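So the protein lines, in turn, are chains Z and W.
Residue numbers 1 to 182, in the numbering used here, belong to the letters of the first sequence in order.
Residue numbers 1 to 281, in the numbering used here, belong to the letters of the second sequence in order.
The beta carbon of each residue, even a glycine, is placed where N, CA and C say it ideally should be.
Small disclaimer: the values here were computed from a predicted structure and weren't measured.
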Amino acid sequence: MDKYITTPITEEITADLKSGDFVYITGTIYSARDAAHKRMAETLERNEKLPIDLKDSVIYYMGPSPAREGRPIGSAGPTTASRMDKYAPTLLDLGEKAMIGKGKRSKEVIDSMIKNHAVYFAAIGGAGALLSKCIINSEVVCYDDLGTEAIRKLEVINFPVIVVIDSKGNNLYDSSAEEYRR
Amino acid sequence: MIRTIDVCTVTETIKEMCMEANYYLSEDMKLALQESAGTEKSEIGKKILNQLEENLKIAGEEKIPICQDTGMAVIFMEIGQDTHFEGGDLEEAVNEGVRKGYDLGYLRKSVVNDPILRENTKDNTPAVIHYSIVSGSQVKITFAPKGFGSENMSRIYMLKPSDGIEGVKNVIIKTVDEAGPNACPPMVVGVGIGGDFEKAAIMAKQALTRDVNKHSDIPYVCDLEKEMFEEANRLGIGPGGLGGTSTVLAVNINTYPTHIAGLPVAVNICCHVNRHVVKIL
């Protein structure tokens with residue numbers, strides 16, 4: 001089913017999203033991947049404040065290629081989500097409501113998603129040029145020294161994703177492959 | 001007769017190859033993607049394959065990388081033994097080409113200086129370079145930037161000779177199955193069988209640079225490639241890992257003699273953005 005949602009992503013919104021839905025996101029999302037997650041975890045370990053407000057937020061696991069002149073961003077597709085599994089439960093406890101990536105998630109992440117009413121979206125891996133068309137603005141919020149791995153605030157319009165794991169823990173990867181497995 | 005090549009030529013050639021490889025997919029790969037869109041049974045799968053074609057079109061027209069992971073620069077250099085390089089250090093010339101290509105081409109810098117300390121080198125160097133000395137006076141450069149979503153799902157197995165071809169088949173299918181949605185399917189699978197530990201891995205990487213519509217000249221290997229292609233596509237993983245009949249676009253296998261005690265098998269997984277450009281100097 002096609003659904004159009006606008007950030008911030010509240011519990012009311014995630015409750016309505018089902019595994020297998022095609023979702024188009026409009027609004028503000030953050031990009032963060034390996035090194036940024038590590039830094040956020042270290043910040044929390046020191047009992048310091050995170051550089052972004054995670055309440056009802058969407059984090060896109062993505063590190064873009066550089067933008068050409070006149071463009072907000074370069075190629076901007078998802079990276080493999082499982083590398084963020086170690087950090088995701090903590091961020092979900094702090095209010096993160098949706099993650100965009102590709103690939104499988106750990107049981108710990110899925111349990112935390114159910115507890116925190118969060119969803120996991122997949123964007124199409126390897127379609128970074130196409131996906132960049134839905135991003136109209138990009139600015140580095142922090143960790144600029146990390147280059148492509150800095151945290152960016154992105155303005156997106158109808159950014160296309162698929163609900164892989166919904167807030168009840170239903171997992172599209174498990175069911176969809178079975179259908180065609182012979 | 002010794003032929004002299006200025007290393008500046010190497011730098012300029014590699015600079016151009018970085019950009020070409022990241023904006024345009026080779027014809028054999030484009031064709032394989034089109035064919036899979038034609039045969040795919042799943043509606044979602046078909047939709048994804050069509051979007052991948054649209055993505056290739058945008059990348060080529062606007063010179064935006066096909067994928068934001070523009071890879072670690074992997075370079076195979078086959079150097080004719082009658083060649084002499086002048087004008088500087090060859091390895092530095094190769095890395096300078098990568099440095100320039102990734103800067104001028106708006107390509108992502110994805111390399112860290114140390115696997116544990118992990119500071120980005122900010123210019124995508126150093127490259128991974130495989131040199132080989134061959135007869136003649138030509139220099140053949142194959143540039144194959146490798147993304148790590150799929151690289152991370154690659155595996156090497158040191159099988160026993162008694163495991164035989166069935167053992168080889170099992171580990172190829174197991175690797176593809178475990179790679180699943182993480183490796184951005186439909187995948188291209190490069191396999192190296194034989195040699196020793198590192199020879200198998202290098203062969204697997206090299207197999208990815210072979211055209212996906214060309215099979216091995218060795219009859220049993222050709223049959224194995226076809227069988228593994230069919231079997232991998234029965235796993236159901238499909239485009240994007242969301243279910244379907246297009247899980248792999250090709251299985252390319254290279255072999256080499258090995259030790260009486262061993263049967264090394266390396267499986268190098270590549271996503272559908274299987275990039276490789278060849279230039280001869």
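- Chain Z has no Cβ within less than 9 Å of the Cβ of Cys-18 of chain W.
- Of all residues in the stretch 135 to 159 of chain Z, the ones placed with a Cβ closer than 8 Å to any Cβ belonging to chain W are Leu-146, Gly-147, Thr-148, Glu-149, in chain order.
- Under the three-state reduction of DSSP, Val-112 of chain W is assigned to strand.
- The three-state secondary structure of Ser-132 of chain W, taken from DSSP, is strand.
- Of the candidates W:Ala-179, W:Gly-136, W:Ser-246, the residue whose Cα lies closest to the Cα of Pro-186 of chain W is W:Ser-246.
- Residues are counted here when their Cβ sits less than 9 Å from a Cβ of chain Z; for the stretch 72 to 86 of chain W the count is zero.
- Taking a beta-carbon distance threshold of 9 Å, Glu-92 of chain W does not count as an interface residue toward chain Z.
- Residue environment for Phe-197 of chain W: exposed (fewer than 16 other C-beta atoms within 10 angstroms of its C-beta).
- Chain Z places no beta carbon closer than 9 Å to that of Lys-160 of chain W, leaving this residue out of the contacts.
- Ser-31 of chain Z carries a strand assignment under DSSP once its states are collapsed to helix, strand and coil.
- Among the CB atoms of chain W, none fall inside 9 Å of the CB of Pro-72 of chain Z.
- In the DSSP annotation of this structure, the continuous segment of the alpha helix (DSSP H) that includes Thr-14 of chain Z starts and ends at 11 to 15.
- By the CB criterion at 9 Å, Lys-97 of chain Z and Val-58 of chain Z fall inside the cutoff.
- Any Cβ of chain Z closer than 9 Å to the Cβ of Ile-269 of chain W would place that residue at the interface, and such an atom is absent.
- CA-CA distance, Ile-151 of chain Z to Lys-38 of chain Z, rounds to 12 Å.
- Those residues of the stretch 224 to 250 of chain W placed with their C-beta closer than 7 Å to a C-beta in chain Z are Arg-234, Leu-235, Gly-236, Ile-237, Gly-238, Gly-240, Gly-241, Leu-242, Gly-243, Gly-244, Thr-245, ordered along the chain.
- Within its own chain, the residues whose Cβ lies closer than 8 Å to the Cβ of Ile-173 of chain W, once the five positions on either side in sequence are excluded, are Met-228, Glu-231, Ala-232, Leu-235, listed in chain order.
- Residue contact check for Ser-36 of chain W against chain Z: no CB pair falls below 9 Å.
- Within chain W, not a single residue places a beta-carbon under 8 Å from that of Glu-108 of chain Z; the smallest gap is close to 17 Å.
- For Ala-250 of chain W, the enclosing beta strand (DSSP E) covers residues 248 to 258.
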